[in-house]
Amino acid sequence: MFFSFFAIVLHTLKPSINTSQNKLLDAHNPSHYIFSTAMIAMNTNLSSISIISQTTFLPSLISSLASPQLPRIIITPSTTIRSCTSSHKPKQQTISYDHHHHHLLFPNAQERYSKNDSQINHSKNISMVRDMLFSKEGNKTPLQSMMLIDTLQHMGLDHLFKEEIGSTLSSIYDNFTHQTHHGHNLFESSLFFRLFRQNGYLVSPKMLKKFIDKNGEFKLASSKDIKGLMSLYEASHLNIGEDILRKGKEFSSKHLWDSIEWLDNKHANQVKETLDHPYHMSIQRYKARRYISMHQDDHENGCKDVVLFELAKYEFNVVQLLHQRELDAILSWWKKTGLALELSFVRDQPLKWYMGPLAMVPQPHHSKCRIELTKAIAFIYIIDDIFDVHGTLDELSLFTQVINKWDVSAIDNLPNYMKVCFNALYNVTNEIVEITLKEYGWNPINILSKSWGKLCNAFLQEAKWFASKQVPNKDEYLRNAVTSSGVFIVIVHLFFLMGQGLTLENIQHIENEPSFVSKSGTILRLWDDLGSAKDENQKGFDGSYLELYMKEHQECTAKEAQDHVMVMISRTWEALNKESFTQSSFPQPLINANLNLAKMVRVMYSYNDDNHHLPMLDDYIISLLHHPL
67 MFFSFFAIVL HTLKPSINTS QNKLLDAHNP SHYIFSTAMI AMNTNLSSIS IISQTTFLPS
127 LISSLASPQL PRIIITPSTT IRSCTSSHKP KQQTISYDHH HHHLLFPNAQ ERYSKNDSQI
187 NHSKNISMVR DMLFSKEGNK TPLQSMMLID TLQHMGLDHL FKEEIGSTLS SIYDNFTHQT
247 HHGHNLFESS LFFRLFRQNG YLVSPKMLKK FIDKNGEFKL ASSKDIKGLM SLYEASHLNI
307 GEDILRKGKE FSSKHLWDSI EWLDNKHANQ VKETLDHPYH MSIQRYKARR YISMHQDDHE
367 NGCKDVVLFE LAKYEFNVVQ LLHQRELDAI LSWWKKTGLA LELSFVRDQP LKWYMGPLAM
427 VPQPHHSKCR IELTKAIAFI YIIDDIFDVH GTLDELSLFT QVINKWDVSA IDNLPNYMKV
487 CFNALYNVTN EIVEITLKEY GWNPINILSK SWGKLCNAFL QEAKWFASKQ VPNKDEYLRN
547 AVTSSGVFIV IVHLFFLMGQ GLTLENIQHI ENEPSFVSKS GTILRLWDDL GSAKDENQKG
607 FDGSYLELYM KEHQECTAKE AQDHVMVMIS RTWEALNKES FTQSSFPQPL INANLNLAKM
667 VRVMYSYNDD NHHLPMLDDY IISLLHHPL
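When you line the sequence shown up against my numbering, it's residues 67 to 695, in that order.
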């Protein structure tokens, strides 16, 4: 028996294996997860592992596994790591990561991740970075300060210095608003604009007009300024509907792609990284992982860079360890429900379900949120499969009625598989209600149950359309499909689980599906309908905006229709940005989580045309949960 992130690869093939039920680390107490060890894993060579989306990765991975008798590992609040399978008195062990052979070594009491050394060194590094970056004695220019803030964000360290970053930005912005000349070059102007807007300051892209010629286009003189073009490209993704930023994106994108042909490998790779993963469109932990890996050998600033990268690696690995433990808890819960066996026709994808909450709220103190939100997301997929691939129209109508009544006594007329689903959903929802009531004093049962009713109503509408062969127009379809995307379910559950901004006004507002939520739902649905985004285990058919658009525009080619949908997605992103940067009712952490959900859509729905493979999701899984830094 073992306790391991890699339980994910065995839970389907070896259902008899028991995953750990140990209490999760207390995310509010750093000492509870102070080990920055790479991962808790089996002592086996993992260098050849390639995780493929959903259960298709299991056969290729299982052959790499070895030593199933290794001791299960528990991390206690005192951070002692013990062997728990031996009948003898547990022997203290420390673990370290062998970067050459890609596995953990047992035991070695003097290894680098001992509690005291790592904790002291971590605190020292934070103090050093704080002194280096924010000491008033440094006489740094505003540009230098902004570049340092940008670096901290790219390395995933900005949460450690929120107050310092906030005061620095506020001071620079106060001076900025009294100046008529903003930035000496394209890099500086674009950087200031992006960081101000990204952090909620009112700023106009008109500061970029100095780089526009008399014809309203960006000056060709900027086409070889690679640093400036990269900064402009990053800034262009914070567009809230401004034409100058649309032009900036087109201009910078074209010339950056052209530059790859003549740049050296190092700088060409940096350009491609910016083009493929702009900061505003990427999940921060994923971006930080890639940034650290790409720049860790750059030490232009000497010891400052060494300290920064050491701190960034430590932070990444500590949080990764917590996320692995959460995944183990989710796998254990999913196995205990028995739903994968009782509802054998539904998708069995707990790892995929967890990736959404992991991306939306990655901070350690949201551990419980991630676990409970994953459970809710599981039922979106389960109910979707009931409607799409299994239930008859009569059964689906009965099921929808029961969901809307939200009454256990009303399930008698349901077929057994629907009773199983409703009872499990009912229990999970009550569990979330209990958490919210206990921790925040609010009982959200009415809103949560109504949210499931909304989802089933939307699913049923789609089922009726296609059972009767009545085809809605594209706009009618999209309005309903935004609800059936499940985004509203995710955000309303997260709103109560996070517990911030729980006022009567906000609760009434979120019940009516605020526009920032529907924008993310639109982005998800349009990506999902782009043709190649058909889930490999989902055999039903529930419509496509792309097909309906082509039906209403018969002169349009498939490529033209796809381009139209991509423009719609881009415009919806602009609207979502505007909502996110300007709304003041809901707490910023919820707004950021909603933005992160929208960012994950492309990852979750970019299927490989040949075999419905999800290469981007695979990369996220490996980067965020598999390999340490």
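Even for Gly, the Cβ is constructed at its ideal location relative to N, Cα and C.
Checklist entry - In angstroms, rounded to a whole number, what distance separates the CA positions of K600 and G587? => result At K600, the pLDDT of 47 sits below 50, so the modelled position is not reliable; the number obtained from the coordinates is stated separately. Roughly 17 Å separates the two Cα atoms.
Item to check | Local conformation of I477 per DSSP, three classes | outcome: coil
Item to check | Beta-carbon proximity of S270 to T234, cut-off 7 Å | outcome: no
Checklist entry - What's the gap between the Cα of P208 and the Cα of L329? => result 29 Å
Checklist entry - Can the beta-carbon of P510 be found less than 7 Å from the beta-carbon of F562? => result yes
Next on the checklist: Which of the three DSSP states is assigned to I278 in this structure?
Outcome noted: strand
Next on the checklist: Contact defined as beta carbons within less than 8 Å: I believe H258 pairs with F284. What is the distance between those atoms, to the nearest angstrom?
Outcome noted: Reading off the sequence, residue 258 comes out as Phe, not His. Not confirmed; about 17 Å, so no contact.
Checklist entry - Is the distance from the Cβ of L274 to the Cβ of S255 below 7 Å? => result yes
Checklist entry - Any chance the stretch 464-478 sits against the stretch 401-412, with 3 or more Cβ pairs inside 8 Å? => result no
Checklist entry - If R413 and Y380 are in contact, beta carbons under 8 Å, what's the gap, nearest whole angstrom? => result Contact flag wrong, Cβ pair sits at about 36 Å.
Item to check | Beta-carbon separation (whole angstroms), L690 vs L388, contact threshold 8 Å | outcome: That pair is no contact at about 12 Å.
Checklist entry - What are the boundary residues of the alpha helix (DSSP H) that H575 is part of? => result 570-577
Next on the checklist: Cutting at 8 Å between CB atoms, please list the residues of its own chain near N191, excluding the five before and the five after it.
Outcome noted: V373, E376, L377, Y380
Item to check | Cut-off 8 Å between Cβ atoms - residues of its own chain near A627, not counting five sequence neighbours on either side | outcome: L612, Y615, M616, H619
Checklist entry - Which residues share a DSSP beta bridge with F284? => result I278
Checklist entry - Taking the Cβ atom as the reference point for each residue, do L683 and V669 lie within a distance shorter than 7 Å? => result yes
Next on the checklist: Counting beta carbon pairs with one atom in the stretch 217-232 and one in the stretch 351-358, are three or more of them shorter than 8 Å?
Outcome noted: yes
Checklist entry - Around the Cβ of E645, are there at least 16 other Cβ atoms within 10 angstroms (buried) or fewer (exposed)? => result buried
Item to check | Alpha-carbon spacing of A529 relative to L459, whole angstroms | outcome: 7 Å
Checklist entry - In chain order, what residues of the same chain have a beta carbon less than 7 Å from the beta carbon of A659, not counting five sequence neighbours either side? => result M426, V427, L560
Checklist entry - When you compare only the Cα positions, how much space is there between A287 and Q386? => result 44 Å
Item to check | Distance between beta carbons of W419 and I452, contact taken as under 8 Å | outcome: Not a contact, Cβ separation roughly 16 Å.
Next on the checklist: How far does the alpha helix (DSSP H) with F582 in it extend, from its first residue to its last?
Outcome noted: 581-594
Item to check | F253 vs K293 beta-carbon contact at 7 Å | outcome: yes
Checklist entry - Counting along the chain, where does the alpha helix (DSSP H) carrying C522 start and finish? => result 511-533
Next on the checklist: According to DSSP, simplified to helix, strand and coil, what is I349?
Outcome noted: coil
Checklist entry - Given that a residue counts as buried once 16 or more other Cβ atoms are within 10 Å of its Cβ, and exposed if not, what is M632? => result exposed
Item to check | Of the listed residues L322, Y352, A624, G314, nearest to L695 (C-alpha basis) | outcome: Y352
Checklist entry - From which residue to which residue does the alpha helix (DSSP H) around C775 run? => result There is no way to answer for residue 775, as the model of the chain reaches only from 67 to 695.
Next on the checklist: Can you tell me where the alpha helix (DSSP H) holding Q10 begins and where it ends?
Outcome noted: Outside the displayed range of the chain (67 to 695) lies residue 10, so it cannot be described from this structure.
Item to check | Contact set for I238: own chain, Cβ-Cβ below 6 Å, skip 5 residues either direction | outcome: P208
Next on the checklist: Going by beta-carbon coordinates alone, are S551 and L590 separated by less than 7 Å?
Outcome noted: yes
Item to check | Cα-Cα separation, Y671 to A664 | outcome: 11 Å
Next on the checklist: Excluding the 5 residues flanking I557 on each side, which residues of the same chain have their C-beta closer than 7 Å to its C-beta?
Outcome noted: V583, N660
Next on the checklist: Is any non-hydrogen atom of the ligand FAD found closer than 6 Å to the C-beta of E626, if you look at the structure I gave you?
Outcome noted: The ligand content of the structure shown is nil, which means the ligand FAD is not present either.
Next on the checklist: So, with DSSP's three-state summary, where would you put G422?
Outcome noted: helix
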